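K.L.:
My questions will all concern the structure given below.
Number of protein chains: 2
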Amino acid sequence: MNTQLQISHVRNVLIRLEETIIFALIERTQFLQNPPIYEPRRFGDVLEEESLVGFMLLECERSHAKVRRYASPDELPFFAGLPEPILPPLHLVDNPLHANTININSAIRATYEQEIVPHICREGDDDQYGSAAVCDVACLQALSKRIHYGKFVAESKFREAPERLLPAMNEQDSDSLMAAITNQIEEQVLQRVEAKARLYTQELASASTSPTVAPETIVDIYRSWIIPMNKQVQVEYLLQRNAESA
Amino acid sequence: MNTQLQISHVRNVLIRLEETIIFALIERTQFLQNPPIYEPRRFGDVLEEESLVGFMLLECERSHAKVRRYASPDELPFFAGLPEPILPPLHLVDNPLHANTININSAIRATYEQEIVPHICREGDDDQYGSAAVCDVACLQALSKRIHYGKFVAESKFREAPERLLPAMNEQDSDSLMAAITNQIEEQVLQRVEAKARLYTQELASASTSPTVAPETIVDIYRSWIIPMNKQVQVEYLLQRNAESA
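Here the protein sequences come in this chain order: L and P.
For the first sequence, the working numbering assigns the number 19 to the initial residue and increments by one for each residue that follows.
For the second sequence, the working numbering assigns the number 19 to the initial residue and increments by one for each residue that follows.
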């Protein structure tokens with residue numbers, strides 16, 4: 019029984035995803051920024067006009083699509099035109115979502131490559147292109163899952179108090195929805211992420227093998243990008259949910 | 019400049035791989051054992067006679083082979099018959115290895131599926147097959163890299179004191195080589211892994227979202243499987259190195 023899609027489990031899933039994201043970011047910081055891996059066509063035309071990271075992400079999504087990763091409502095691909103699943107359809111007992119066409123992965127990818135990598139990794143090129151790109155794929159997939167979980171968060175907030183959200187939904191008023199979904203939990207998330215990041219980077223720093231990322235840097239990523247993009251998904255979900263049920 | 023292949027960096031690489039392995043194992047323990055994902059043909063014939071995990075590992079290796087992952091002397095594939103690289107060859111300035119045909123990945127995979135997963139994950143089936151299999155691929159690749167790093171460790175030990183190892187190498191005497199490469203560093207590794215595992219599982223335990231793995235369990239994996247298999251690679255490397263230079 020897959021409990022990850024149940025609304026009652028939203029909070030636990032989000033908390034557990036913090037480890038996944040922090041571990042993935044720490045792993046990426048082993049390597050320098052390595053700008054060439056983000057340049058389309060840098061390695062010639064063999065990578066389907068993509069950068070090395072884009073190509074490895076595309077190849078990963080192709081293989082995961084075959085085993086129906088994107089049949090699950092909490093998984094969204096970065097690329098279109100992926101292969102059909104070769105496994106029979108999943109029986110999703112409880113998909114609680116009422117609208118699910120929102121996919122902001124192109125914005126997530128641009129933010130990750132242009133903002134997050136330069137923020138967490140030291141400048142320079144260490145020739146570890148493949149290893150860095152493997153880490154990038156893991157980071158992008160974890161960030162995408164966390165940010166798009168906003169759909170489940172929004173559905174949960176709607177079920178708790180539909181009357182509080184329906185007026186703004188009916189008027190398709192994004193600003194009011196953004197105000198209505200904003201709550202103090204954000205500050206708790208940031209505090210918890212900072213405590214975890216401090217813990218998980220502590221041993222790395224003391225082992226003094228290589229410089230690691232500062233806990234504050236990981237908190238920045240939550241504050242500046244993950245939480246805002248998650249809220250954007252929540253608002254878009256509520257706008258779409260209403261249109262659907264109208 | 020890729021320093022990861024330099025003999026002077028062997029110790030740092032091994033220490034840093036501890037984080038990668040511990041993170042990967044912790045990620046896997048989110049999910050139950052899920053025995054069906056290890057059964058060949060469980061999902062019909064579409065997965066090329068493989069289990070779900072085997073198929074996802076194979077697909078991952080196919081895409082990584084295209085971007086020449088296995089051209090690097092510290093990366094060994096689990097599968098044969100992978101595609102040729104589509105990128106031009108790497109210029110490996112400093113490959114310090116003198117022999118590199120040793121590949122014990124089939125033993126690593128069997129050990130991981132039959133011993134390590136039942137050791138770290140709770141029994142049962144949570145339907146999270148895809149997510150668990152993605153973690154398995156990350157664990158298998160990290161374990162393979164760590165265990166096959168024995169080649170670099172053995173090369174380092176040889177360069178430090180060739181006269182100490184040459185007699186047993188000349189006589190192809192595995193038992194003497196095993197005795198000669200064994201040192202007190204193993205106990206230090208276990209202590210460091212225990213400290214790290216204790217740190218990294220601490221927050222997870224206190225967050226009480228889901229039960230996590232005990233630090234001792236991760237130490238067991240190092241003691242029972244990673245270190246012995248790494249030493250096996252060291253011995254095989256020295257046997258092969260001698261034959262090559264003879």
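Glycine included, every Cβ here is placed at the ideal spot set by N, Cα and C.
Remember, predicted model here, so these are calculated numbers, not experimental data.
So the candidates are GLY62(P), GLU204(P) and ALA215(P); which of them puts its Cα closest to the Cα of SER242(P)?
P.N.:
When each option's Cα is compared against that of SER242(P), the closest is GLU204(P).
K.L.:
Residues in the same chain with beta-carbon distance under 8 Å from GLU133(L), minus the five sequence neighbours each way, listed in chain order, please.
P.N.:
Taken in chain order, the residues that qualify are SER242 and TRP243.
K.L.:
Using the three-state DSSP reduction, which class does PRO91(P) fall into: helix, strand or coil?
P.N.:
PRO91(P): coil per DSSP, three-state reduction.
K.L.:
Just curious, the alpha helix (DSSP H) that LEU115(L) is in, first and last residue?
P.N.:
Segment: none, LEU115(L) is in no alpha helix (DSSP H) and carries neither H nor E.
K.L.:
With DSSP as the reference, label GLY168(L) as helix, strand or coil.
P.N.:
Looking at GLY168(L) - three-state DSSP - the assignment turns out to be helix.
K.L.:
Just the Cα atoms here: how many angstroms apart are GLN202(P) and GLY168(P)?
P.N.:
About 16 Å.
K.L.:
Is there at least one Cβ from chain P nearer than 8 Å to ARG140(L)'s Cβ?
P.N.:
It does not; no Cβ of chain P falls within 8 Å.
K.L.:
Step through the CB atoms of chain L and report whether any lies within less than 8 Å of the CB of ARG59(P).
P.N.:
Judged by the 8 Å Cβ criterion, ARG59(P) is not in contact with chain L.
K.L.:
By alpha-carbon positions, which one of ALA186(P), VAL155(P), GLN206(P) and THR200(P) ends up nearest to ILE126(P)?
P.N.:
Residue VAL155(P) is the option with its Cα nearest to ILE126(P).
K.L.:
If the cut is a Cβ gap below 8 Å, which residues of chain L does PHE41(P) touch?
P.N.:
Here the neighbours are PHE41, ILE44 and GLU45.
K.L.:
Whose C-alpha, out of LEU256(P), VAL211(P), GLN258(P) and GLU254(P), is nearest the C-alpha of THR38(P)?
P.N.:
The shortest C-alpha separation from THR38(P) is found at VAL211(P).
K.L.:
Whole-angstrom Cβ separation of GLN165(L) and ILE122(L), contact assumed at under 8 Å?
P.N.:
Correcting the residue type first, residue 165(L) is Ile in the shown sequence and not Gln. Going by Cβ atoms, the distance from ILE165(L) to ILE122(L) rounds to 7 Å, so yes, they are a contact pair.
K.L.:
Thinking C-beta only, is LEU158(L) closer than 8 Å to LEU75(L)?
P.N.:
The answer is yes: Cβ separation under 8 Å.
K.L.:
Under 8 Å, Cβ to Cβ, is there at least one residue of chain P near ARG182(L)?
P.N.:
Chain P, which has no Cβ nearer than 8 Å to the Cβ of ARG182(L), makes this no.
K.L.:
Who are the Cβ neighbours of PRO95(L) in its own chain at under 6 Å, not counting the five residues just before and after it?
P.N.:
Cβ within range, chain order: GLU79 and TYR88.
K.L.:
Residues in its own chain within less than 7 Å of TYR240(P) by CB, not counting five upstream and five downstream?
P.N.:
Taken in chain order, the residues that qualify are VAL207, LEU208 and VAL211.
K.L.:
Taking 6 Å as the limit between beta carbons, can you name the residues of its chain near PHE41(P), skipping five residues before and five after?
P.N.:
There are no such residues.
K.L.:
Name the residues in the stretch 158 to 188 of chain L whose C-beta lies less than 9 Å from a C-beta of chain P; which are they?
P.N.:
Residues GLN159.
K.L.:
Can you confirm whether THR38(P), when its beta carbon is compared against all beta carbons of chain L, has any partner nearer than 8 Å?
P.N.:
Output row for THR38(P): interface = yes.
K.L.:
What does a CB cutoff of less than 7 Å around ASN260(L) pick up in its chain, not counting 5 residues either side in sequence?
P.N.:
Excluding sequence neighbours, ASN260(L) sits near MET187 and ASN188.
K.L.:
Using the rule of at least 16 other Cβ atoms within 10 Å of the residue's Cβ for burial, across every protein chain shown, is GLU68(L) buried or exposed?
P.N.:
Buried is the call here.
K.L.:
Along chain L, which residues have their Cβ under 7 Å away from the Cβ of TYR218(P)?
P.N.:
Those within 7 Å of TYR218(P) in chain L are TYR218.
K.L.:
Are VAL149(L) and GLU77(P) close, meaning C-beta to C-beta below 8 Å?
P.N.:
The sequence given here places Ser at residue 149(L); Val does not occur at that position. No.
K.L.:
Determine the DSSP secondary structure at VAL231(L), reduced to helix, strand or coil.
P.N.:
Coil.
K.L.:
On the DSSP letters alone, give me the boundaries of the alpha helix (DSSP H) that VAL31(L) sits inside.
P.N.:
From DSSP, the alpha helix (DSSP H) with VAL31(L) extends over 28 to 46.
K.L.:
Nearest by alpha-carbon distance to SER192(L): which of GLN250(L), ARG182(L) and ALA179(L) is it?
P.N.:
SER192(L) has its Cα closest to that of GLN250(L), out of GLN250(L), ARG182(L) and ALA179(L).
K.L.:
What does ARG87(L) touch in chain P if you count any residue whose Cβ is under 8 Å from its own?
P.N.:
Near ARG87(L) (Cβ distances below 8 Å), the residues of chain P are GLY148.
K.L.:
Indicate whether at least one CB of chain P lies closer than 8 Å to the CB of VAL64(L).
P.N.:
At least one chain P Cβ lies under 8 Å of VAL64(L).
K.L.:
Could you name the residues of the same chain whose beta carbon sits closer than 8 Å to that of CYS153(L), not counting the 5 residues immediately before and after it, in chain order?
P.N.:
So the list reads ALA42, GLU45, ARG46, GLN48 and PHE49, once near-sequence residues are dropped.
K.L.:
Buried or exposed for GLY142(L), please, with buried defined as at least 16 other CB atoms from any protein chain shown within 10 angstroms of its CB.
P.N.:
Exposed.
K.L.:
Return no unless some Cβ of chain L is closer than 8 Å to the Cβ of ARG34(P).
P.N.:
For ARG34(P), the answer is yes, since a Cβ of chain L falls inside 8 Å of its Cβ.
K.L.:
Quick one: what does DSSP say GLY72(P) is sitting in, helix, strand or coil?
P.N.:
Of the three classes helix, strand and coil, the one that applies to GLY72(P) here is helix, per DSSP.
K.L.:
Within the continuous alpha helix (DSSP H) that includes PRO185(L), where are the two ends?
P.N.:
Unbroken alpha helix (DSSP H) run through PRO185(L): 180 to 188.
K.L.:
What residues from chain L crowd round LEU105(P), counting only those whose CB sits closer than 9 Å?
P.N.:
Those within 9 Å of LEU105(P) in chain L are PHE61, GLY62, VAL64, LEU65 and LEU70.
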